[in-house]
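Taking it in order: structure first as structure tokens, then the write-up.
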Ligand code: NAD
């Protein structure tokens, strides 16, 4: 078993010692499992200087060679997957199988961008003038800074590292202080794969101070953030000073529309399985359930049965199907959602409370009988609470699904192709799954509309996010 000792990684050197540090907790026990060193202003400046210095050579390196390093990193993540998944579960809480799956998906992302780097083709545009050649070229935008959250400690950093490095950018990653071990291991895999010093740097610290410092530097040309809407807005504001490009992958509150023609038993089971993945701490988690009134009770019964059948426990324990919440803040938030629902006359069909007082466990919960203005319907719960409400007409439910400031993911279940088309064009989200919850893959873009952010990760869009366009016109 790898020892748990997250470190900073600056200019090719790991540093475990720092003047200040933070404690890392195991959410299944609430106990401290280690400490994470914080980078002070001097260390952040060193990271900026390293990313700046390494940029020209990395950008000039043939994409084939950059890809070879990323492919090697993918292999190392696969080789180490068991140890890494254990670290991920230990610091984040999700069940081991989910952690392993997340790491294997991360390996695949490294591999895919290793290949995609070679397909930054640009294009030739037929000129208006004889003897002229017009080339459109995608060039790496420069040193980038990325900020990632604790809910997917492997996948989110990987999307940013792989996209940036494949494009030829250098990167400073500030990963979540609550889950530093996984980010450290990913960076270590890149270092072991032969990444030159300064190309990838890893820092931790007070999030607001670190982001202000990094975004405040004109050397940083791209910001990529995954997290809450409020922080996304703040980082966008900070980026205005030097007009850095931004990719903002912010919160959602995904509607799930279950039409009358769909099997309520199947929809209830699939929807519940999606809802309780990672204890509901997923930005594309299905989280507002609109079910046609004719199948409402059948769907709800199946959903509740699924919730009751979950085995909540330590993600490392055999047989656990839902782990704890990642931190104490989420527990407190869950209490607020349940209290608001009850105060508005909602019925708690199952769950509704914390489990025990050791670790951050909360019961898989289902709430019915609330109006669309209840907190659970307007604010992303980011936890294992599912509100289920009825609807009558498709047009009505599309309007209700859209009546919210965010639009990341959405889902619908129907066998009627006309209704499916109507939902596809009517629901305002960045990603829509019809008869499936599987919307995220390595090859496809991942991003939201409205206050869920701007730009996409994943797919070719995840490479383009780190490129700027140059037009070169040559006459003669
Ligand atoms: P938060 O907004 O305090 O933190 C979210 C993430 O952003 C954390 O990793 C944190 O370290 C980082 N962060 C916070 N302030 C920052 C700053 N000024 N600069 C840079 N990074 C900063 O929220 P939280 O309590 O961790 O989670 C609460 C809410 O955040 C959730 O309810 C959910 O809506 C949202 N969230 C979304 C995602 C996602 O995948 N989109 C992930 C985690 C949290």
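Residue numbers (my numbering): 28 to 503.
C-beta: ideal position from N, C-alpha, C; glycine also.
For residue 71, same chain residues with a beta-carbon under 7 Å away, outside a window of 5 residues either side, are 230, 237, 240, 241 in chain order.
If you check the CB distance, residue 470 and residue 85 do not come in under 8 Å. Taking 8 Å as the cut-off, the beta carbon of residue 414 is found no closer than this to the beta carbon of residue 425. Within the same chain, and ignoring the five residues on either side of residue 178 in sequence, the residues whose Cβ sits closer than 6 Å to its Cβ are 308. Listed in chain order, the beta strand (DSSP E) elements of length 3 or more contained wholly in the stretch 282-354 are 313-319.
When the Cα atoms are used, residue 459 and residue 42 turn out to be separated by approximately 43 Å. Between residue 327 and residue 376, the gap from beta carbon to beta carbon is short of 8 Å. When distances are taken from the beta-carbon of residue 234 to the heavy atoms of the ligand NAD, the shortest one is below 7 Å. In this structure, DSSP gives residue 179 a state outside helix and strand, which the three-state scheme calls coil.
Contact between residue 187 and residue 175 holds: CB atoms are separated by about 7 Å, below the 8 Å threshold. Secondary structure note for residue 249: its beta strand (DSSP E) is the uninterrupted segment 249-253. Restricted to the stretch 475-499, the alpha helix (DSSP H) segments that are unbroken, complete and at least 4 residues in length are 488-491, listed in chain order. Residue 88 sits in coil when the DSSP states are folded into three classes, being neither helix nor strand.
Shown here, residue 53 sits in a strand according to DSSP, grouped into three states.
For residue 214, the uninterrupted alpha helix (DSSP H) segment begins and ends at 207-219. Check the Cα spacing between residue 444 and each of 213, 32, 286: the tightest is with 286.
In this structure, residue 100 lies near residue 220, with their beta-carbon atoms less than 8 Å apart. Residue 369 and residue 395 have their C-alpha atoms roughly 10 Å apart. In this structure, the CA atom of residue 200 is about 16 Å from the CA atom of residue 80. Straight-line measurement puts the Cα of residue 155 at about 46 Å from the Cα of residue 132. Contact annotation: residue 271 and residue 296 have beta-carbon atoms that are not nearer than 8 Å. Partner residues in the beta bridge of residue 58, as assigned by DSSP, are 53. The DSSP-derived three-state label of residue 455 is coil.
Relative to the ligand NAD, even the nearest heavy atom lies 7 Å or more away from the CB of residue 263. Residue 82 sits in a helix when the DSSP states are folded into three classes. The residue among 64, 407, 45, 440 with its C-alpha nearest the C-alpha of residue 277 is 407. The beta carbon of residue 113 lies closer than 6 Å to none in the same chain, with the five residues before and after it left out.
By the Cβ-count criterion, residue 54 is buried, with 16 or more other Cβ atoms from all chains shown falling within 10 Å of its own Cβ.
Annotation note: the stretch 399-437 contains the following uninterrupted beta strand (DSSP E) runs of length 3 or greater, listed N- to C-terminal: 412-418. The C-alpha of residue 130 is placed about 27 Å away from the C-alpha of residue 88. It is roughly 6 Å from the alpha-carbon of residue 429 to the alpha-carbon of residue 455.
Residue 410 places its beta carbon less than 8 Å from that of residue 389. Counted as a single uninterrupted DSSP element, the stretch harbouring residue 153 is not any beta strand (DSSP E), since DSSP gives it neither H nor E. Non-local beta-carbon contacts of residue 313 in its own chain, meaning distances under 7 Å to residues more than five positions away in sequence, involve 281, 283, 298, 301, 302, 438, 464 in chain order.
Taken atom to atom, the span from the alpha-carbon of residue 150 to that of residue 490 is near 16 Å.
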